[in-house]
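Inspection log for the structure reproduced underneath, given as structure tokens.
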Amino acid sequence: MTELLRAENLYCERDERVLFNHLDFSLQAGEILHVKGPNGAGKTTLLRRLVGLSWVVEGQLKWHDSLSEQGEKLDGHGFWYLAHRPAVTLQQTPLENLAFAVALHNQNLPSEAIWQALDTVGLRGYEDVPAGSLSAGQQRRVSLARLYLDMPSIKLWLLDEPFTALDVNAVRQLERRIEAFAESGGTVVMTSHHGLTHTAVRELLIGAPL
Amino acid sequence: MWQMFVRWFHKWSSPKWFYEMSRPWSFWLGWAAVLLIATALVWGLAFSPVERVQGNSYRIIFLHVPAAFLAQAIYMTIAIAGAVGLVWRIKLAFYAAKQCVPIGTSMALLALITGAIWGKPTWGAWWVWDARLTSMLILLLLYLGLWALQNAMERQESGDRAAAILALVGVVNIPIIKFSVNWWNTLHQPATLKISSAAPMHVSMLIPLLMSILGFYLAFGAWMLIRTRLEILDREKKAKWAQEEIKRLEAN
Amino acid sequence: MMLALAQMMRRELSLANRRRADLANPLFFFLIVVSLFPIGVTPDLEKLSEMAPGVLWVAALLASLLSLDLLFRHDYEDGSLEQMLLSSVPPQLLVLCKILSHWLVTGLPLTLLSPLLSVMLALPGSALPLLMLTLALGTLTLSLLGSIGAALTVGLRKGGLLLTILIMPLFVPVIIFGTSAIQAFVNGMPWVAQLSLLGAIAAGAFVVSPWLTVAALDVTVGD
């Protein structure tokens, strides 16, 4: 197994409170790293540090060469980052939203592929409706539809609370999708309060009560 | 050699080390500044000869000129400190830059007010859209922008960084602003009285002026050190040494 | 890459089209400010014509500046902005797309509206082409420089006013060269130097501001 990430001595404080200190962990290819911890433990912050959006976390990060040229910051084409803010523009249709997300990866997919992904997350018939008129759960699905696109360059998913606002069936579907991605060699880092049971899952507990 | 420099640099950029080492500096700088400024003012106000054209009103240059110099120099300092902070991630540079802003603002204000007082007998009006006054006014606005941005941010670290970027944009702009304001001024008011034009200054005016400028620079150094040291205590108040220091200061 | 940028441009313009109400506001603002001047100062056409370049310029810039507050705001709130910063397309180019489309939907309409308003202020008709040219350059520079300010204030709830405070002092040279070019033209004096200085500033801002904007976004978004 290749080691994709080595994180050493991560330290984070927010509003004069130390969230985590001396945090070391590594990430292997094909693994699902489930970051767990109580609310406000710094899970989102940690994820933002991993993608390179946050500078409040101190410490060293070393990504594998296949994901990052310089080691420190991820290259844009190799991962999906599903953030707390879903990156769904309300004035645009699900189709446009998804196509734009692909464009930001500097790639171009046939529109059938995008239709297909929207169909898989249950948005058939809503492709051309402005996302603003969809329900919260449906908007979440627009964001999640990215994970159902067939893009071989994507080797890593960073998912921040992906199960929020989903119904039971959608949760199960997403679980299966995550597991399938890991089995095909993909790597996942996710934060969630929802438990996952799969052989590839490894848990990382941060901010545990002392 | 280089390694020694790097080690020295790192030592000085550690807030605690800086706090300890700078303790005597603010004291000596402060007293030297007081001494210099006092001498310069007594000399300049009481003993320098009366100027031929402007009479006694010129004497305000002993305040006006140093304040104007400093207002510009401090903006440069802020931009450089901000760049150092951004590039090498040195917290101390941000602390110093932050504490320079109020000092620079007050210097720009002082330069404007003394300029206005000077303008009244010279031009017959409190405010004239003279090129240098206008540039100073814009500099004051730039300072106010920095101050507003620093205080608008919820997290101090974001405010530091944002202000550093703004200061860099401003410092590139300052020469362009000065050039454009000069242009505009000659376009609209070709007959403005130029005060410190070619006429050579008498030695007995020049020496106190230079002393006063040096004194202002030293005073800035002392003031900045004091403010930066307080900023260090405030920002590092979670560290044990800082808490002890705060306790010691409170006991006194 | 060109494809991605074309798509970015198309997205920006179509979003601007769908937020049409936001587009009209700067134009209304421009119209109102310019018509307040004769009411507040004097209806004397001769005096107005002397003031016209300055009034038109300042009003157009304020109008454009007010809309700049929204340059990154929507994208920041829905999370698209983070994705752009993480994109494998250089974020500087994406930002440049946003700036250019902001100019296309604000600066350009303001420029096109200016002849109408200049008639109300009795600016000589022969100065119209130069007025429009300088305004086009000036609003473009404002979109470029202002994007730095918009990036610095994007996370703040009351960013609009702060943005004006930050950017307007930096904008003094552009106002000076822009208005003095027109005044020089009206008075029959040489005006090419001012115009070329205006162009030089616009070119400089074009090169520098995308980088500084992204640096600022890294601070405010990447918190």
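Protein chains in written order, with my numbering: chain D, 1045 to 1254; chain C, 2 to 253; chain H, 5 to 227.
Note that CB positions come from ideal geometry on N, CA and C, so glycine has one too.
Under 8 angstroms between beta-carbons, which chain H residues line up against C/R162? List them in chain order, please. Here residue 162 of chain C corresponds to residue number 161 of the second sequence, with the count starting at 1. Near C/R162 (Cβ distances below 8 angstroms), the residues of chain H are V223.
What does D/E1060 reach in chain C if we use C-beta pairs closer than 9 angstroms? Within the first sequence, residue 1060 of chain D is the residue found at index 16, counting from 1. K238 and K239, listed in chain order.
Same chain, Cβ closer than 8 angstroms to D/L1248, five either side skipped, listed in chain order: Locating residue 1248 of chain D in the first sequence gives position 204, where the first residue counts as 1. For D/L1248, where only same-chain residues beyond five positions count, the Cβ hits under 8 angstroms are F1069, L1077, H1078, V1079 and K1080.
Using a C-beta cutoff of 7 angstroms, does H/A8 count as contacting chain D? Here residue 8 of chain H is taken as the residue at index 4 of the third sequence, counted from 1. Yes, H/A8 counts as interfacial toward chain D.
Starting from D/E1057, follow its DSSP beta bridges and name the residues at the other end. Here residue 1057 of chain D refers to the residue found at position 13 of the first sequence. D/V1062.
Output needed for H/V211: all residues of its chain with C-beta closer than 7 angstroms, excluding positions within five of it in sequence on either side, in chain order. Stepping through the third sequence from its first residue, residue 211 of chain H is reached at position 207. Counting only Cβ-Cβ distances below 7 angstroms, and skipping sequence neighbours, we find nothing.
May I ask you to list the residues that DSSP assigns as paired with D/Q1072? Residue numbering aside, residue 1072 of chain D sits at position 28 when the first sequence is read from its first letter. Answer is D/E1047.
Does the Cβ-Cβ distance between H/G182 and H/T115 come in under 7 angstroms? Position 178 of the third sequence, counted from the first residue, corresponds to residue 182 of chain H. Position 111 of the third sequence, counted from the first residue, corresponds to residue 115 of chain H. In terms of Cβ geometry, H/G182 and H/T115 do not form a close pair [threshold 7 angstroms].
Residues of chain H with CB closer than 7 angstroms to the CB of D/Y1170, please, in chain order. By one-based count along the first sequence, residue 1170 of chain D stands at place 126. Contact annotation for D/Y1170 against chain H: no contact, minimum CB-CB distance about 17 angstroms [criterion: below 7 angstroms].
So, using beta-carbon positions, are H/S151 and H/I103 closer together than 7 angstroms? Numbered from 1 along the third sequence, position 147 holds the residue referred to as residue 151 of chain H. Numbered from 1 along the third sequence, position 99 holds the residue referred to as residue 103 of chain H. Yes; because the gap between Cβ atoms is below 7 angstroms, this pair is in contact.
Exposed or buried, which one is H/F232 when buried takes at least 16 other CB atoms within 10 Å? Summary: the structure shown does not reach residue 232 of chain H, with chain H confined to residues 5 through 227, and so no result is reported for it.
Would you check if the distance between the CB atom of D/V1095 and the CB atom of D/L1202 is smaller than 7 angstroms? For the purposes of this step, residue 1095 of chain D is taken as the residue at position 51 of the first sequence. For the purposes of this step, residue 1202 of chain D is taken as the residue at position 158 of the first sequence. Closer than 7 angstroms, so yes.
With a threshold of 8 angstroms, are at least 3 pairs of Cβ atoms found where one atom belongs to the region 1093–1108 of chain D and the other to the region 1174–1192 of chain D? Touching, no, given that fewer than three Cβ pairs across the two stretches are closer than 8 angstroms.
Can you grab the Cα-Cα spacing for the pair C/E251 / C/K17, in whole Å? Numbered from 1 along the second sequence, position 250 holds the residue referred to as residue 251 of chain C. Numbered from 1 along the second sequence, position 16 holds the residue referred to as residue 17 of chain C. So the two alpha carbons sit approximately 19 angstroms from each other.
Identify every residue that forms a DSSP beta bridge with D/Y1125. Numbered from its first residue, the first sequence carries residue 1125 of chain D at position 81. Answer is D/L1202.
Nearest to H/T168 by alpha carbon, out of H/P42, H/A131 and H/L72? Taking the third sequence and counting its residues from 1, the one referred to as residue 168 of chain H is at position 164. When each option's Cα is compared against that of H/T168, the closest is H/L72.
Under 8 angstroms: do the region 140–154 of chain H and the region 122–131 of chain H share three or more Cβ pairs, one atom per stretch? The region 140–154 of chain H, when compared against the region 122–131 of chain H, does not touch it at the 8 angstroms Cβ threshold.
Three-state class that DSSP yields for D/T1164 in the structure shown: As a working mapping, residue 1164 of chain D is identified with position 120 in the first sequence. The answer is helix: DSSP assigns D/T1164 an H, G or I state.
Exposed or buried, which one is H/I179 when buried takes at least 16 other CB atoms within 10 Å? Within the third sequence, numbered from 1, the residue matching residue 179 of chain H stands at position 175. Classified as buried, H/I179 has 16 or more neighbouring CB atoms from the shown chains inside 10 Å of its CB.
Let me confirm a value: C/A69 is counted as buried when at least 16 other C-beta atoms fall within 10 Å, else exposed. Which label applies? The residue labelled residue 69 of chain C in the question sits at position 68 within the second sequence. By the neighbour-count rule (16 or more Cβ atoms within 10 Å), C/A69 is buried.
Is there at least one Cβ from chain H nearer than 7 angstroms to C/L143's Cβ? Residue numbering aside, residue 143 of chain C sits at position 142 when the second sequence is read from its first letter. Yes, its Cβ sits closer than 7 angstroms to a Cβ of chain H.
Secondary structure at H/E16, three-state DSSP: helix, strand or coil? The residue you call residue 16 of chain H lines up with position 12 of the third sequence. Note: H/E16 maps to helix in three-state DSSP.
Under 7 angstroms between C-beta atoms, does D/L1167 make it to chain H? Residue numbering aside, residue 1167 of chain D sits at position 123 when the first sequence is read from its first letter. Judged by the 7 angstroms Cβ criterion, D/L1167 is not in contact with chain H.
According to DSSP, is C/K248 part of a helix, a strand, or is it coil? Here residue 248 of chain C refers to the residue found at position 247 of the second sequence. If DSSP states are grouped into helix, strand and coil, C/K248 belongs with the helices.
Applying a beta-carbon distance threshold of less than 8 angstroms, which residues of chain C neighbour H/I186? Within the third sequence, the letter at position 182 stands for residue 186 of chain H. The contacting residues do not exist; H/I186 stays about 12 angstroms from chain C at best.
Roughly how many angstroms separate the alpha carbons of C/A153 and D/R1221, rounded to a whole number? Along the second sequence, one-based indexing puts residue 153 of chain C at 152. Along the first sequence, one-based indexing puts residue 1221 of chain D at 177. Cα-Cα distance, rounded: 43 angstroms.
For a test of the three-state rule: what should DSSP assign to D/H1078, helix, strand or coil? Start at 1 with the first residue of the first sequence, and residue 1078 of chain D comes out as number 34. D/H1078 falls in the strand class under three-state DSSP.
Can you find a C-beta in chain H that's less than 7 angstroms from the C-beta of D/P1130? The residue given as residue 1130 of chain D occupies position 86 in the first sequence. Cβ-Cβ to chain H under 7 angstroms: yes for D/P1130.
Spatial neighbours of D/V1062 in its chain, beta-carbon cut-off 6 angstroms, leaving aside the 5 residues before and after: In the first sequence, residue 1062 of chain D corresponds to position 18, counting from 1. In its chain, beyond the 5 residues on either side, no residue has a beta carbon closer than 6 angstroms to the beta carbon of D/V1062.
Measure from the alpha carbon of D/E1047 to the alpha carbon of each residue in D/L1105, D/H1066, D/T1089 and D/Y1170, then state which is nearest. Reading the first sequence from its first residue, position 3 is the one you call residue 1047 of chain D. Checked all of D/L1105, D/H1066, D/T1089 and D/Y1170; the closest Cα to D/E1047 is D/L1105.
Where the beta strand (DSSP E) containing D/Q1183 begins and where it ends: Here residue 1183 of chain D refers to the residue found at position 139 of the first sequence. Where D/Q1183 is concerned, there is no enclosing beta strand (DSSP E), although the alpha helix (DSSP H) it sits in stretches over A1180 to L1188.
Name the chain H residues whose beta carbon is nearer than 9 angstroms to that of D/N1152? In the first sequence, residue 1152 of chain D corresponds to position 108, counting from 1. The CB of D/N1152 comes closer than 9 angstroms to the CB of L7, A8 and Q11 in chain H, given here in chain order.
Straight-line gap, C/I177 to H/P214 (C-alpha atoms, nearest Å): Within the second sequence, the letter at position 176 stands for residue 177 of chain C. Within the third sequence, the letter at position 210 stands for residue 214 of chain H. Here the alpha carbons of H/P214 and C/I177 stand approximately 20 angstroms from one another.
Just the Cα atoms here: how many angstroms apart are H/L17 and D/E1140? Taking the first residue of the third sequence as 1, we reach residue 17 of chain H at position 13. Taking the first residue of the first sequence as 1, we reach residue 1140 of chain D at position 96. Using only the alpha carbons, I get a separation of about 13 angstroms.
Please decide whether H/R4 counts as near chain D, where near means a Cβ-Cβ distance under 7 angstroms. The displayed coordinates of chain H run from 5 to 227. Any statement about residue 4 of chain H would go beyond what the structure contains.
Is it the case that the Cβ atoms of H/I83 and D/P1082 are separated by a distance below 7 angstroms? Looking up residue 83 of chain H in the third sequence gives position 79. Looking up residue 1082 of chain D in the first sequence gives position 38. Checking the displayed sequence, the identity of residue 83 of chain H turns out to be Gly instead of Ile. Against a cut-off of 7 angstroms, the Cβ pair of D/P1082 and H/G83 comes out as no contact.
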